[in-house]
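A.B. asks: Residue numbers (our numbering): 3 to 251.
Next up is a structure, given as structure tokens.
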């Protein structure tokens, strides 16, 4: 009986570990999936006119360039760097915030919220026919992508001192594999033609490379469902009840 209970507990921990691994994998994949298609995406958006967010980013870029503003290639490079940095900056800001919140409300509620937010961000990317919506999608996914700290904390919850290094290694592997899988996924799916969607949904506007965005959206949805149905709260309930009384940053 004791061995059976131990095996059941170990199976549950392995399932949770896989969900956490997949969560950080999706975060990093979502960050890097746009790498191969970003230059062409940026080129198409820069050819548009009348987008207030695009104009604002362009003004910031010209201010930073100052005397070199006449160099078109330098302008495009800096403009792309500013847009691309949005995700990382927001992830850097919100990672400790999500971690702190999870110490008070539990790991699962935060992971559900951030995973849903990431899914929503990818949906917006799929339908981002304008630069404004494209930036909005990166802002949302960057903000919600800070859940790596929560996944790391949850992994620490379910591992003892002996297995903790192994658990954190899984988190690190998820980050690394996400960076590896993201760019080829974005590049391969960019070749897929989804023009039939325009016939099915004629009133909707899709992004420049909709297949890449659709792939990221589907994977994010799978991750959300895994957290909802496979992930169980790992935080100690007694500590959780005490910390819920007062949240302080």
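Glycine included, each C-beta is placed from N, C-alpha and C at the ideal position.
Computed from a predicted structure; not experimentally measured.
Looking at C-beta atoms only, is the number of pairs between the stretch 131–145 and the stretch 88–97 that lie closer than 8 angstroms three or more?
C.D. replies: Touching, yes, given that three or more Cβ pairs across the two stretches are closer than 8 angstroms.
A.B. asks: Where do the N-terminal and C-terminal ends of the alpha helix (DSSP H) with residue 42 fall, by residue?
C.D. replies: 40–48
A.B. asks: With DSSP as the reference, label residue 132 as helix, strand or coil.
C.D. replies: In the structure shown, residue 132 sits in coil (DSSP, three-state: anything other than H, G, I, E or B).
A.B. asks: Does the contact criterion of 3 or more C-beta pairs under 8 angstroms hold for the stretch 223–240 versus the stretch 109–120?
C.D. replies: Taking a cut-off of 8 angstroms for Cβ pairs, the stretch 223–240 and the stretch 109–120 touch, as three or more such pairs fall below it.
A.B. asks: DSSP on residue 226, reduced to helix/strand/coil?
C.D. replies: helix
A.B. asks: Give the range of the alpha helix (DSSP H) segment to which residue 35 is assigned.
C.D. replies: Run containing residue 35: none; DSSP gives neither H nor E here.
A.B. asks: Let me know the secondary structure DSSP gives residue 165 once reduced to three states.
C.D. replies: coil
A.B. asks: What distance in whole Å lies between the Cβ atoms of residue 150 and residue 29, which are believed to be in contact at a cut-off of 8 angstroms?
C.D. replies: 6 angstroms
A.B. asks: Since residue 212 and residue 199 should fall inside the 8 angstroms C-beta cutoff, what is the C-beta to C-beta distance between them, to a whole number of angstroms?
C.D. replies: 7 angstroms
A.B. asks: Do you know whose CA, among 125, 79, 68, lies nearest residue 207's CA?
C.D. replies: 125
A.B. asks: How about residue 230 and residue 85: do their beta carbons lie closer than 8 angstroms?
C.D. replies: No, Cβ-Cβ distance for residue 230 and residue 85 is not below 8 angstroms.
A.B. asks: Out of curiosity, what's the CA-to-CA distance linking residue 204 and residue 167?
C.D. replies: 52 angstroms
A.B. asks: Are residue 180 and residue 38 touching if we call contact CB-CB under 8 angstroms?
C.D. replies: no
A.B. asks: Would you call the stretch 98–109 and the stretch 152–164 touching, i.e. three or more CB-CB distances under 8 angstroms?
C.D. replies: yes
A.B. asks: Going by beta carbon distance, what residues of the same chain come within less than 7 angstroms of residue 67, once the five residues before and after it are set aside?
C.D. replies: 76, 77, 80
A.B. asks: Check the C-beta distance from residue 133 over to residue 216 and give it rounded, since I have them as a contact under 8 angstroms.
C.D. replies: Between residue 216 and residue 133 the Cβ distance is about 20 angstroms, and since that is not below 8 angstroms, they are no contact.
A.B. asks: List in chain order: all unbroken alpha helix (DSSP H) runs of 4+ residues lying wholly within the stretch 56–133.
C.D. replies: 74–107, 109–128
A.B. asks: Which class does residue 200 belong to by DSSP, given the choice of helix, strand or coil?
C.D. replies: helix
A.B. asks: Check whether the Cβ atoms of residue 44 and residue 156 sit closer than 8 angstroms, and answer yes or no.
C.D. replies: no
A.B. asks: Enumerate in chain order the residues of its own chain whose CB-to-CB distance from residue 192 is below 6 angstroms, with the five nearest sequence positions on each side excluded.
C.D. replies: 39, 211, 214
A.B. asks: Return the first residue and the last residue of the alpha helix (DSSP H) that residue 150 is part of.
C.D. replies: 150–160
A.B. asks: Can you give the Cα-Cα distance for residue 112 and residue 74, rounded to whole angstroms?
C.D. replies: 43 angstroms
A.B. asks: Please report the Cβ distance between residue 160 and residue 18, rounded to the nearest whole angstrom; I am assuming they are in contact, meaning their Cβ atoms lie under 8 angstroms.
C.D. replies: 6 angstroms
A.B. asks: Going by C-alpha distance, which of 195, 50, 158, 53 is nearest residue 109?
C.D. replies: 158
A.B. asks: Between residue 194 and the rest of its own chain, which residues show a CB-CB distance below 6 angstroms, the 5 nearest in sequence each way excluded?
C.D. replies: 213
A.B. asks: Of all the options 107, 127, 147, which has the alpha carbon lying nearest to the alpha carbon of residue 94?
C.D. replies: The option with the nearest alpha carbon to residue 94 is 147.
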